[in-house]
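Numbering (this note's numbering), first residue to last: 971 to 1571.
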């Protein structure tokens, strides 16, 4: 099969960023929001009425508008990602953001009216077939209303966020788009975008060259360090001002509430991880020996090891697609079927070319019932893992597509469960099917390095963000201090086990500048180890089937994280047992790696 590496955006709105159909849809949705506003203003329910017909119509219209904005937002953001110089696409994205702001203002009113229902009315509401499936999200709305300011105050904050939060994110994206890194190749100077250079840096096989590339990477971003510190300070500052207005005593309240998880669960996860980092010291030492350095540097942790006659495998895009589909099939035919459809129908933008933003993501198209996946595929095994990861996100959205909108709004921590689960399915299958010890060593190393990312790299991000917010409460934090905070966090998270670190990581990593979700990092670690625990359960219990996994995914927006784990896994995430079980499997991987590599040192 010859799959195309560029995604299909024409089937969504023909004409690219100049699409007339897109502009027409913008106008239609703008009118729909105005009509929705009037409809919402005119809906009043006295305390003795139990006729919820009007509310049903309001929620149906809200869902239609939300889905339309999701469709348009994914389209416009996709065009910006694929070509960071497309100013018209950026204008379209800002237009969608404006409409989101308008709907969000109406959403405040809607939530307050739902919260104003008496307990008797709310009980009667949930007896009706239309509302019954939405029990949890509607109850959540009523609980969160206690934290809200007046409708007018919430609307003002919402309006200000467009320039005060989203505006700074746009500035960050424009700064990233301006990054051009000169590289001498065949006696000619070639300019790499940030995304291209990041791929080059991570795929470099020579440790000395990797270190040199990292130095160039650091120096390039340092040239704009003050500008990046401005964007980060204003993003965190806006949030802290917002929290102060709401009288939140702890800046972790919002990220924890968003992820529907308790602080005790988060603390238990990090505490258990910290207690289980010691085996990585032996792994780091052995890996350093295998790649010929005295001590691992920042990029060496995820670099490949080549032993015996095995060399790091490179994939064509078609090979990667076939590889992923076949391995998905070994666990879930339904996941494999969706992945095949994604490749066949060009849901994926993978082409390696200039002008693309760095990183990867999966974006939902709620009207088309599809997804769009963005990445830059350069043929590395890491790229294959990223592709599997994003397809996991697509599968999550796919299995929820028939549920009410409120029951599709899963939090980020459980969103990362499906993606990292998909990675595990692929990586474990390749290890089992390794044709030689050398190949198995390479694949095991990849898996362990990925575990190190979630246990250490993301832990460093979490430590950094906590320290940043602590200092930001006292005033702005300059670029030099941000570099110090980052390096300190990395040394703490890696237990000072590396010879080099990445002080500018706070600028190069998009996740620190995301506007939609604060603390956009720790959910990845939660998702990884939650999915690892789930995967191990499926390996141990032959009675569990893919439908059991799908049932768990379908509940991800309909209960708290703790209740989800208790219902589907019969575990208490507030206790270390579940996390320790998942970490024990990481230890086994390290033990096997050390045993297999003994003869190579």
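Glycine is no exception: its CB is placed at the ideal position from the N, C-alpha and C atoms.
Exercise for review: Leaving out five residues on either side along the sequence, give the residues of the same chain with a beta carbon under 6 Å from the beta carbon of residue 1530.
Suggested key: So the qualifying residues of the chain are 1230.
**Study point:** residue 1078 to residue 1125 span [Cα, whole Å]
**Key:** 7 Å
Point to revise | Environment of residue 988 [buried if 16+ CB atoms lie within 10 Å] | key: exposed
Practice item. Using the Cα positions of residue 1144 and residue 990, report the straight-line distance between them to the nearest angstrom. Key: Rounded to whole angstroms, residue 1144 to residue 990 spans 25 Å at the Cα level.
Practice item. Note down, in chain order, each residue of its chain lying with its Cβ closer than 8 Å to the Cβ of residue 1132, except the 5 sequence neighbours on either side. Key: Only residues of its own chain outside the window of five on either side were considered, and among them 1067, 1068 and 1071 have a CB closer than 8 Å to the CB of residue 1132, listed in chain order.
Check your understanding: Can you tell me whether DSSP reads residue 1347 as helix, strand or coil?
Key -> coil
Practice item. Just mark residue 971 as buried or exposed, buried being the case when its beta carbon has 16 or more other beta carbons within 10 Å. Key: exposed
Review point. How close, in whole Å, do the beta carbons of residue 1545 and residue 1351 come, if the pair is a contact with beta carbons under 8 Å?
Key: Taking C-beta atoms under 8 Å as the contact rule, residue 1545 and residue 1351 fail to qualify, at a distance of about 35 Å.
Practice item. Could you round the C-beta distance between residue 924 and residue 1063 to whole angstroms and report it? I think they count as a contact, below 8 Å. Key: A query on residue 924 cannot be resolved here, the shown segment of the chain reaching from 971 to 1571 and no further.
Point to revise | Beta carbon of residue 1552 nearer than 9 Å to that of residue 1502 | key: yes
Review point. Candidates 1348, 1388, 1246 and 1093: which alpha carbon is nearest residue 1321's?
Key: 1348
Check your understanding: Could you give the uninterrupted runs of the alpha helix (DSSP H) lying entirely in the stretch 1309–1365, keeping only those of 4 residues or more?
Key -> You should have found no qualifying run.
**Study point:** residue 1383 to residue 1428 span [Cα, whole Å]
**Key:** About 13 Å.
Point to revise | For residue 1003, the three-state DSSP class (helix, strand or coil) | key: Residue state, collapsed to three classes: helix.
Check your understanding: Which residue from 1418, 1461, 1013 and 1088 puts its Cα closest to that of residue 1394?
Key -> 1418
Check your understanding: Should residue 1152 be labelled buried (16 or more other beta-carbon atoms within 10 Å of its own) or exposed?
Key -> exposed
**Study point:** Own chain, CB closer than 6 Å to residue 1142, minus 5 neighbours either side, in chain order
**Key:** 1201 and 1483
Point to revise | CA-to-CA distance, residue 1568 to residue 1409, given in whole angstroms | key: 15 Å
Practice item. To the nearest angstrom, report how far apart residue 1088 and residue 1441 are at their CA atoms. Key: Roughly 43 Å separates the two Cα atoms.
Practice item. List the endpoints of the continuous alpha helix (DSSP H) containing residue 1153. Key: Note, residue 1153: premise wrong, no alpha helix (DSSP H); beta strand (DSSP E) at 1151–1155.
Practice item. Pull up the distance between the alpha-carbon of residue 979 and that of residue 1045, whole angstroms please. Key: 7 Å
Check your understanding: The alpha helix (DSSP H) with residue 1441 in it runs from where to where?
Key -> Residues 1428–1442.
**Study point:** Beta-carbon gap between residue 1524 and residue 1369 smaller than 9 Å
**Key:** yes
Point to revise | Candidates 1241, 1110, 1271 and 1052: closest to residue 1423 by CA position | key: 1271
Review point. If you run the structure through DSSP and keep just helix, strand and coil, what is residue 1446?
Key: coil
Check your understanding: If you draw a straight line from the alpha carbon of residue 1310 to that of residue 994, how long is it in whole angstroms?
Key -> 32 Å
**Study point:** residue 1395, enclosing alpha helix (DSSP H) - first and last residue
**Key:** For residue 1395, the uninterrupted alpha helix (DSSP H) segment begins and ends at 1382–1402.
Review point. What three-state label does DSSP hand residue 998 in the structure shown?
Key: helix
Check your understanding: So, helix, strand or coil for residue 1464, using DSSP?
Key -> coil
Review point. Can you tell which of 1118, 1331, 1521 and 1090 has its C-alpha closest to the C-alpha of residue 1017?
Key: 1090
Point to revise | residue 914 - containing beta strand (DSSP E), residue span | key: With the chain covering only 971 through 1571, there is no way to say anything about residue 914.
Practice item. Using beta-carbon positions only, say whether residue 1195 and residue 1453 come within less than 9 Å of one another. Key: yes
Review point. DSSP on residue 1408, reduced to helix/strand/coil?
Key: helix
Review point. Going along the chain, which residues of its own chain have a beta-carbon closer than 8 Å to the beta-carbon of residue 1180, five neighbours each way excluded?
Key: 1171, 1174, 1267, 1269, 1270 and 1273
Point to revise | Reference residue 1460; option with closest CA among 1010, 1517 and 1475 | key: 1475
Practice item. Evaluate the contact criterion for the stretch 1098–1113 versus the stretch 1052–1061: three or more CB pairs, one atom per stretch, below 8 Å. Key: no
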